[in-house]
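Each remark here refers to the structure printed beneath this line.
Chains as they are written, first to last, in the working numbering: chain A, 913 to 1186; chain B, 84 to 367; chain C, 15 to 290; chain D, 9 to 291.
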């Protein structure tokens, strides 16, 4: 009995281990990229293209917020961190490489009759001073405020632009990824959220019932982000701990090259100027 | 059993293997402590309760809202699930027709194995919209309580069933021979005797409720606040760890490990409580 | 088991020793047995002669089973079980550190009250202990299998279904299989703990005859409740009695003498009580 | 056996109990029906045999199934020898009431009660970061192995203890070494418990989410080795339902697959245990 068990155990081990050595034998190099949930979907697409032309490379992308991108790049858990904002003063030890630009805008459910909100109204809603859509020209319905959880640069840029303190915000729901915010909002017609323009435009195109609102009367279009008129604008960065070399460098160069412009535009982000 | 000579190697091997399981327990505690200790040394324990708010990236570490969330959700769920589970046990043992009881018990066993993420999925897509119709935003303390109650109900029901089953048949037959009715036997004989076992089951269920992460995370809204009504969203300690772990650094990360330690301590207390009750069981 | 320890420290107890004690194959010297704090045997001095059947009789709970379990050190398996005094087998202390308990048990076989065949085939029940004791030769295994099954009179009953599960046999057959299993290891001594108690009268008679027949080749110690049986088959009898929950050896000697001219009043009362 | 004669005047208690049972059955029927109806519409061979596309909105779950099974395999392979060794030591060499036995058992009780997210933290800190395994199937499987250890040990210990004492004595009386009686008698006797434990542990491993998010990670492609990150089925359901607009249908379908897997595990366990009990035949 013990022998059967042992045999079984060893056999199963055999099944598991070869894969492992096999892969090691082929020397497939892994690049691990983690961080901003805004950048992650875009980089995943870029990675797919990169893998197509370099089959010996495997690129793993995991999201979790820009802070994670910074943290993992510093700790060496990721070769490249994804950060959807400029580096802060205390992050200047890292090297940043922009690959595209994005904006942050307010989104509402498609069935919400409200067409636009002034900056003051948005601030009041997020501070909990306006609690009903009636006050801003909508139905008589309580407003569900969706906020990003800490560690996401979308939150930081949003609060910075509207001069809100994170302690003043009284959210009803906390979300992590852009997609989670869009999903929560699409299921709740009385909610308000702010997300990456790229993510929102892509979802709207896929048929998710949301709409993008202008900020300070500027429509959230790619054009307006590109020409700098849209007020909440940010770069999407790849960051590394050291000066990139080898495959990391090649990936960064690829992500900044003309080859990926189409992908970036498909995802409703603004490519680097030519 | 004193092993004979040829078994000495075997015993050494066994000792080694079981040492591994002991080491795992120690490792878990050691690693939680190791990660949490830096923060504990710099700010001490009191600031987890006295700080103004939970903004760990800005150095404010008040975990009271999460403690409240965990406490309210778990106890709410226990309050709903425990009586139902007890009734369910009594029903399937003493009231259901034989075949029905087998089916019913099989169903409960099956339900106990359903992953929490499936309960969470159902809660998110069915329950939360229903509650939203009652009062926005839907994802709330109430949703958390209901889903968690549903989730732990089968487990407690199985425990209660097992505890009732352990009441010696002879006593029940004896009571029946005295001409007591079914209701009287259950109330006066079975329940008092099974009470320690049932309580143990309920306490262990509470442990599971406090530790549950995914189902609650999916339906409770995750806003850090002490709720004022059942319809307010809340965040539990476990959800807080799951949500913030991905980007937590330095003191923030340490604070999350600290809350893991608090969870461990709570579970330890519950286990010891359950064991001391179990030890009082008269029969067996 | 080569060194023979000195026997000089042996002091006889006051309880009814046999008149002339030949040195037995097995001897207990001042043997006391404790389960935790509870003492169940007190200072038992019992010689067991080679080539004879020794019956151990007495009321329930007087430590008979505990006693024979010490003879092959099966008490080792019981947690908190402690022994004082000595058990000599061929003159050596079986508790001495250099004793290999495996070899000891191979030479002193044991049969239990409830037949305990393993849930394997009849053949495997007998052959796998042989394999474990280093007898790997298939031919020898098969030979021994047939020999011992013939010895216990089971061969004709089971020769066509050796691969069948042993648990499908009747109680009496199971018990005989267990005896055969013990015999296959070629022991010197067989310890039997009420081997007939769990059997129906018919099987019981068959097993009893078997035991009587085995006397020729083996030294047998049999615990029994059945005084008539003890009288029928045994050469020597030891009578145990429980005082304050503690088992003591009251009287021992030739079966004839113990049954017909008991020297101790307790023995007399017990034997006559059962008679009357 | 337990069914007692009803008395005439206890209609109310009976009514309450029947309605509680009916309520429980109804709620769970609702839950199961919801998942069954929504999920069944999506499930096809294609769903099971293709990779997810568009973050899981389209396509299937093949790599996710593979990752799930690999994680479960690593978990069981790692946990089995440790659990077996500990269970044998506890059941055979440690008296039930001894101080050592009580201590080990309490430690295991605590381990069993540790919330899975805490295992996730530990796994992340120890396997992923400290041992440098990163986000990988190996990290996830080993974390789960720690998690199911108490369950496995307890099932195995109970199985070993359930061996009749007479078999143990009979083996010893035949002069069998402990190793031999373990091989030939005790382990075969505990085989149903062993199998049940493995299946239960596997079931727990498939169902787990929280412990995996920070150990085996999110990557939803086909894993090339055990050091690759792999997304487990439950993590997939979580991600689809929380983070992917339009992912609900596939979340339902994945949930249905998961439930069916667990159902098979449950039924197999129950079947094996009852069959073993009936025949009483071990190997």
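Built from N, CA and C at the ideal position, the CB exists for glycine as well. The structure displayed is predicted, hence computed values, not measured ones.
Problem set entry | Every unbroken alpha helix (DSSP H) inside the segment 263–329 of chain B [4 residues or more] | 274–294, 297–302, 320–327
Problem set entry | Cβ-based contacts, 7 Å cut-off: residues of the segment 1068–1084 of chain A near chain B | 1078, 1079, 1083, 1084
Problem set entry | chain C within 8 Å of residue 183 of chain D, Cβ atoms only | yes
Exercise. Can you tell me the Cα-Cα spacing of residue 281 of chain C and residue 240 of chain C, whole angstroms?
Worked result: In a straight line, the C-alpha of residue 281 of chain C is about 15 Å away from that of residue 240 of chain C.
Problem set entry | Proximity to residue 195 of chain D [Cα-Cα], best of D/58, D/37, D/84, D/97 | D/97
Exercise. Closest by CA to residue 203 of chain C, which one among C/131, C/273, C/269, C/119?
Worked result: C/119
For this session: Enumerate in chain order the residues of its own chain whose CB-to-CB distance from residue 152 of chain D is below 7 Å, with the five nearest sequence positions on each side excluded.
Result: 79, 83, 213, 216, 219
Problem set entry | 8 Å contact criterion, which residue 982 of chain A and residue 993 of chain A should meet: CB distance rounded | Cβ-Cβ separation between residue 982 of chain A and residue 993 of chain A: approximately 6 Å, consistent with a contact (criterion under 8 Å).
Exercise. So residue 265 of chain C is in the beta strand (DSSP E); what residue range does that whole segment cover?
Worked result: 260–268
Exercise. Would you say residue 1138 of chain A reaches chain D, if we count a Cβ-Cβ gap shorter than 8 Å as a contact?
Worked result: Chain D, which has no Cβ nearer than 8 Å to the Cβ of residue 1138 of chain A, makes this no.
For this session: Indicate the three-state DSSP secondary structure (helix, strand or coil) for residue 935 of chain A in the structure shown.
Result: Confidence is the limiting factor: at residue 935 of chain A the pLDDT is only 43, short of 50, which leaves the residue's position unreliable, though a coordinate-based value still follows. It is helical.
Exercise. What does residue 147 of chain C touch in chain E if you count any residue whose Cβ is under 8 Å from its own?
Worked result: This model lacks chain E altogether, as its protein chains are A, B, C and D.
Exercise. Alpha carbon to alpha carbon, what distance is there between residue 967 of chain A and residue 935 of chain A?
Worked result: Residue placement at residue 935 of chain A is flagged as unreliable, the pLDDT there being 43, under the threshold of 50; the coordinate-derived value follows with that caveat. The straight-line gap from Cα to Cα measures roughly 13 Å.
For this session: Below 6 Å CB to CB, which residues in the same chain sit around residue 309 of chain B once its five sequence neighbours on both sides are set aside?
Result: The residues are 148, 151.
For this session: Could you pull out every unbroken beta strand (DSSP E) segment of at least 3 residues lying fully inside the segment 85–170 of chain D, listed in chain order?
Result: none
Exercise. Pick from A/1126, A/1026, A/1165, A/1151: whose alpha carbon is nearest that of residue 1003 of chain A?
Worked result: For residue 1003 of chain A, the nearest C-alpha among the options comes from A/1151.
For this session: Taking only heavy atoms of the ligand COA into account, decide whether any of them is closer than 7 Å to the Cβ of residue 337 of chain B.
Result: In the structure on display, the ligand COA does not appear, and there are no ligands present to speak of.
For this session: Using DSSP bridges, identify the partner residues of residue 95 of chain C.
Result: C/49
Exercise. What is the C-beta distance between residue 188 of chain D and residue 146 of chain C, in whole angstroms, given that I count them as a contact (C-beta under 8 Å)?
Worked result: Correct: roughly 4 Å between the Cβ atoms.
For this session: For residue 1079 of chain A, count neighbouring Cβ atoms within 10 angstroms of its own Cβ and tell me buried if that reaches 16, exposed if not.
Result: exposed
For this session: May I have the straight-line CA-CA distance separating residue 69 of chain D from residue 953 of chain A, to the nearest angstrom?
Result: 19 Å
Exercise. If you compare alpha carbons, which of D/92, D/129, D/282, D/228 is closest to residue 330 of chain B?
Worked result: D/129
For this session: Return no unless some Cβ of chain B is closer than 8 Å to the Cβ of residue 1086 of chain A.
Result: yes
For this session: Please confirm if residue 47 of chain C has its CB atom under 8 Å from at least one CB of chain D.
Result: No, because no Cβ of chain D sits closer than 8 Å to the Cβ of residue 47 of chain C.
Exercise. Alpha carbon to alpha carbon, how far is residue 139 of chain B from residue 976 of chain A?
Worked result: 17 Å
Exercise. Between the Cα of residue 265 of chain B and the Cα atoms of B/173, B/111, B/106, B/154, which residue gives the shortest distance?
Worked result: Selected option, being the one with the closest Cα: B/173.
Exercise. With a cut-off of 8 Å, do at least 3 Cβ pairs link the segment 270–285 of chain B to the segment 190–206 of chain B?
Worked result: no
Exercise. Taking 8 Å as the CB-CB cut-off, is residue 273 of chain C touching chain D?
Worked result: No - not a single Cβ of chain D is within 8 Å of the one on residue 273 of chain C.
Exercise. How would you list, in chain order, the residues of chain C whose beta-carbon sits under 9 Å from the beta-carbon of residue 244 of chain D?
Worked result: Within chain C, no residue comes near residue 244 of chain D; the closest Cβ sits about 44 Å away, beyond 9 Å.
For this session: Compute the Euclidean distance between the alpha carbons of residue 1176 of chain A and residue 53 of chain D, then round it to the nearest angstrom.
Result: 34 Å
Exercise. For the segment 36–50 of chain D, which residues have a beta carbon sitting closer than 7 Å to at least one beta carbon of chain C?
Worked result: none
For this session: Give me whichever residues DSSP pairs with residue 41 of chain C in a beta bridge.
Result: C/61, C/102
Problem set entry | DSSP three-state assignment for residue 107 of chain C, whether helix, strand or coil | DSSP places residue 107 of chain C in strand when its eight states are reduced to three.
Exercise. Are the segment 171–185 of chain D and the segment 151–164 of chain B in contact at 8 Å, needing three or more beta carbon pairs?
Worked result: no
Problem set entry | chain B residues whose Cβ lies nearer than 7 Å to that of residue 134 of chain D | 110, 114
Problem set entry | Counted within 10 angstroms of its Cβ, other Cβ atoms place residue 264 of chain D as buried (16 or more) or exposed | Looking at its Cβ environment, which holds 16 or more other Cβ atoms inside 10 Å, residue 264 of chain D is buried.
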